[in-house]
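Residue 1 is where the sequence shown starts when you use this note's numbering, and the numbers rise one by one after that.
Note that CB positions come from ideal geometry on N, CA and C, so glycine has one too.
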Amino acid sequence: MNFTRSLYLLPLLAIAQAAVAKEGLKIYISADMEGVVGAVTAEQLGPEGFEYERFRKFMTAEVNAAIAAARAAGAAEILVSDSHGNGQNLLIEELPKDVKIVRSWPRELGMMQGIDETFDGVIFIGYHSSTANTRGVRAHTMSSANITGLKLNGISMSEGSMNAAIAGHFGVPVIMVSGDDAAVAENQAVIGDLEGAVVKWAESFHSATTLTPEAAYEVIASATRSAIERIDRFKPFVLDTPIKIELSLKHYQPVEMLAYLPGFERMDSHTIGYTAKDIIEVSKVLGFVLEYQVDLQP
Numbered sequence: 001m002n003f004t005r006s007l008y009l010l011p012l013l014a015i016a017q018a019a020v021a022k023e024g025l026k027i028y029i030s031a032d033m034e035g036v037v038g039a040v041t042a043e044q045l046g047p048e049g050f051e052y053e054r055f056r057k058f059m060t061a062e063v064n065a066a067i068a069a070a071r072a073a074g075a076a077e078i079l080v081s082d083s084h085g086n087g088q089n090l091l092i093e094e095l096p097k098d099v100k101i102v103r104s105w106p107r108e109l110g111m112m113q114g115i116d117e118t119f120d121g122v123i124f125i126g127y128h129s130s131t132a133n134t135r136g137v138r139a140h141t142m143s144s145a146n147i148t149g150l151k152l153n154g155i156s157m158s159e160g161s162m163n164a165a166i167a168g169h170f171g172v173p174v175i176m177v178s179g180d181d182a183a184v185a186e187n188q189a190v191i192g193d194l195e196g197a198v199v200k201w202a203e204s205f206h207s208a209t210t211l212t213p214e215a216a217y218e219v220i221a222s223a224t225r226s227a228i229e230r231i232d233r234f235k236p237f238v239l240d241t242p243i244k245i246e247l248s249l250k251h252y253q254p255v256e257m258l259a260y261l262p263g264f265e266r267m268d269s270h271t272i273g274y275t276a277k278d279i280i281e282v283s284k285v286l287g288f289v290l291e292y293q294v295d296l297q298p
């Protein structure tokens with residue numbers, strides 16, 4: 001083999017060796033919808049919207065792009081969490097037959113149900129920025145209708161950073177996030193080093209300049225490959241315990257009534273405080289506060 005040809009093959013050999021070294025990886029994918037390519041209004045995001053069925057396909061295809069790239073880079077097992085709206089958005093018949101999917105609610109770990117210490121990395125698909133972010137398409141945290149602020153240990157949280165902390169509890173790092181430019185930048189700023197796949201650029205709460213779907217799939221696949229190639233370099237995002245919750249709600253009456261319960265403190269007219277022993281308790285408390293209704297059935 002001549003010297004020039006040897007130099008050309010060295011990078012290919014390194015990539016092949018890296019893929020072999022990463023065989024058997026277990027990857028968790030949490031998929032939201034507001035950050036999916038082209039999504040800008042409620043017309044794409046819920047069953048009542050005229051474009052919802054089309055955008056279910058785009059969401060599913062973005063997840064499939066991440067799955068295919070993860071597999072090519074050495075992932076052997078993948079769990080997908082359908083984490084938007086009613087939790088029944090992904091077209092499960094279009095996902096590979098050997099993945100498992102978490103669907104619907106309630107879930108103790110919310111958008112991260114099923115995560116544990118056996119996973120090697122987490123990927124966020126279709127994520128958006130937080131309710132405290134002045135930019136970002138459909139920027140909100142957990143409930144656009146009810147929540148105006150969420151802080152944990154004084155840190156303003158997005159769904160991404162909240163979910164990263166849940167993964168971090170189990171020692172699992174987030175390695176990649178896709179969404180608009182505001183969401184990617186915010187998650188990188190709070191969580192730390194992670195690959196970003198920008199599929200659209202926020203113009204306002206309900207407007208974006210967007211890639212086409214096919215271009216978005218390529219961006220997501222590329223970021224996934226890059227993330228898995230350096231998966232050993234990512235660190236879990238871990239919050240110090242106990243964790244102080246500061247939850248600000250749009251309406252004052254739920255805050256007033258939550259203060260009737262032991263452990264809850266009314267910090268101001270619209271903000272309730274609670275100290276949780278860890279992020280798992282945080283997830284359970286927030287899930288209860290936001291989802292409980294006295295007439296729930298069955």
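By DSSP, does residue i sit in helix, in strand, or in coil?
i: T212; result: coil
i: I129; result: Sequence check: residue 129 is Ser here, not Ile. Correct three-state label for S129: coil.
i: I123; result: strand
i: L109; result: coil
i: I280; result: helix
i: M162; result: helix
i: V177; result: strand
i: G287; result: helix
i: I115; result: coil
i: G149; result: strand
For residue i versus residue j, is the C-beta distance shorter than 9 Å?
i: L95; j: V137; result: no
i: I243; j: L152; result: yes
i: G179; j: A197; result: yes
i: I231; j: G121; result: yes
i: K26; j: E229; result: no
i: E195; j: A223; result: yes
i: Y127; j: G168; result: no
i: D193; j: F124; result: no
i: G35; j: P213; result: no
Can you tell me whether residue i is buried or exposed? The criterion is at least 16 other CB atoms within 10 Å of its CB, across all chains shown.
i: K235; result: exposed
i: D181; result: buried
i: P262; result: exposed
i: E256; result: exposed
i: L45; result: buried
i: N86; result: exposed
With a cut-off of 9 Å, does the C-beta of residue i fall near any C-beta of chain D?
i: V122; result: Here chain D cannot be found, since the structure has a single protein chain.
Handout entry: Whole runs of the beta strand (DSSP E) within the segment 197-275, excluding any shorter than 3 residues
Key = 207-210, 243-249, 264-268
Exercise for the section: Could you tell me which uninterrupted alpha helix (DSSP H) segments, each at least 4 residues in length, are contained entirely in the segment 16-104, listed from first to last along the chain? Expected result: 42-45, 52-72
Practice task
Taking 8 Å as the threshold, find out whether the segment 248-266 comes into contact with the segment 58-76 through three or more Cβ pairs.
Solution key: no
Exercise for the section: Decide yes or no for the touch test of the segment 201-211 against the segment 44-60: beta carbon pairs closer than 8 Å, at least 3 of them. Expected result: no
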